[in-house]
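One structure below.
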Amino acid sequence: MFDTLQDIVRIAMVGKYTGLSDSYLSVLKALLHASVYCHRKLVVDWVASTDLEDSTKIEAPDAYKAAWNLLKSADGILVPGGFGDRGVQGKILAAKYARENNVPYLGICLGMQMAVVEFARHVMNLPHANSTEFDPNAKTPCVIFMPEGSKTHMGGTMRLGSRRTFFKVADCKSAKLYGNADYVDERHRHRY
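Using UniProt numbering, read the sequence shown as starting at 1 and increasing by one per residue.
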């Protein structure tokens, strides 16, 4: 069926491990299933998040220009999870571009953290907003270590599996997306 699809949907996958598509295999499979369901042929453009950063503009201007061209030609932007601070500024820039240009954006794990940081800095005017994953002493922490986790015991500190989340505000967008439910059970795999 995939070969018969004509209309293309172009997704920019902005990440750290863009040279290894297996790194994001489950995300790719989910995108493929969604695109087929929507009768679209999926084209994934791999964008190294570091290539969007200002330092790359100076060090490798061709890579910088190519990365931004891919981002600007995308129908949607997906920033998957990851660990470490390499490339996070590029992920923030991708989130900012998506927000300012009304491009659909999906942030998974670290990708969502960076969207929250971007929004806090540029919309809420909190220039020191950051995730405590990268700055434990952030002046304005907008993503924090989960309260039930242990910072001293590295094993088993991840929120993993199903967890019930109650909606505190009945008419919020999240509750409406779940059919005005009082709570939702969702699967997790993260520490922040």
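Note that beta-carbon positions come from the ideal geometry of N, C-alpha and C, so glycine has one too.
Go ahead and pull the three-state DSSP assignment for residue i.
| i | result |
| --- | --- |
| residue 59 | helix |
| residue 66 | helix |
| residue 182 | coil |
| residue 165 | strand |
What are the boundary residues of the alpha helix (DSSP H) that includes residue i?
| i | result |
| --- | --- |
| residue 27 | 25 to 37 |
| residue 175 | 173 to 177 |
Could you check which residue in the options has the C-alpha nearest to that of residue i?
| i | options | result |
| --- | --- | --- |
| residue 73 | 187, 184 and 9 | 9 |
| residue 197 | 23, 116 and 45 | Here the chain has residues from 1 to 192 only, and residue 197 is not among them. |
| residue 89 | 76, 4 and 15 | 15 |
| residue 184 | 171, 128, 130 and 163 | 163 |
| residue 35 | 166, 66, 55 and 3 | 3 |
| residue 100 | 142, 83, 168 and 71 | 71 |
Between which two residues does the beta strand (DSSP E) holding residue i run?
| i | result |
| --- | --- |
| residue 41 | 41 to 48 |
| residue 15 | 8 to 15 |
Touch test, the region 41 to 60 against the region 99 to 112, Cβ-Cβ under 8 Å, three pairs minimum:
no
Would you list, in sequence order, the uninterrupted alpha helix (DSSP H) runs of no fewer than 4 residues that lie entirely inside the region 75 to 148?
88 to 100 and 110 to 122
Would the region 24 to 40 count as touching the region 53 to 66 if we require 3 or more Cβ pairs under 8 Å?
no
Segment contact, 8 Å Cβ cut-off, at least three pairs: the region 18 to 30 with the region 85 to 104:
no
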